[in-house]
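Single-structure report; data block below.
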Amino acid sequence: RRAACHWAWRDQLALFGAMPDPARVARDGNVFTGGGVTAGIDFALTIAAEIAGPDVAQAIQLAVEYAPAPPFDAGRPETAPPAVLERVQAIYGRGMDTRWAAARAAGERVLAGA
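When the letters of the sequence shown are read in order and numbered with the working numbering, they come out as residues 1114 to 1227.
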């Protein structure tokens, strides 16, 4: 299945048998996934529309005044300035070996049906 998640961890999705999707919200059949912290709102509105219809989802969007207008275009690796991307990658790189090991172990359990 296709799946979305935060860009820094996207490569780990394959460990769980998923095909990484860079979308903020990815739907594959009856499975919905979201990528990144702010994509959680997009994800929630997508689910609300699926369950209760677009009018309800739009009412929720208005109620929480979700009208994103970020002050910078640096929210994705492909749009962030190179120096900013390098800085964040360095921060995320700390302890990455431990995270990959944990993801591998979890992926093995998931794929084994545990």
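Just so it is clear, CB atoms sit at the ideal spot from N, CA and C, and this is done for glycine as well.
Are the beta-carbon atoms of A1161 and A1152 separated by less than 8 Å?
Indexing the sequence shown from 1 puts residue 1161 at position 48. Indexing the sequence shown from 1 puts residue 1152 at position 39. Their beta carbons are not under 8 Å apart, which means A1161 does not touch A1152 by this criterion.
Pull up the distance between the alpha-carbon of E1163 and that of V1197, whole angstroms please.
Taking the first residue of the sequence shown as position 1, residue 1163 is located at position 50. Taking the first residue of the sequence shown as position 1, residue 1197 is located at position 84. Distance between the alpha carbons of E1163 and V1197: 36 Å.
What does DSSP give as the partner residues of V1177 in its beta bridges?
The sequence position of residue 1177 within the sequence shown is 64, counting from 1. According to DSSP, which records beta bridges pairwise, V1177 is partnered with nothing at all.
Indicate whether the contact test is met: 3 or more Cβ pairs, each with one atom in the region 1127 to 1136 and one in the region 1205 to 1225, closer than 8 Å.
Yes, they touch.
Counting along the chain, where does the beta strand (DSSP E) carrying D1141 start and finish?
Mapped onto the sequence shown, residue 1141 falls at position 28. Looking at the DSSP string, the run of the beta strand (DSSP E) that includes D1141 is 1138 to 1141.
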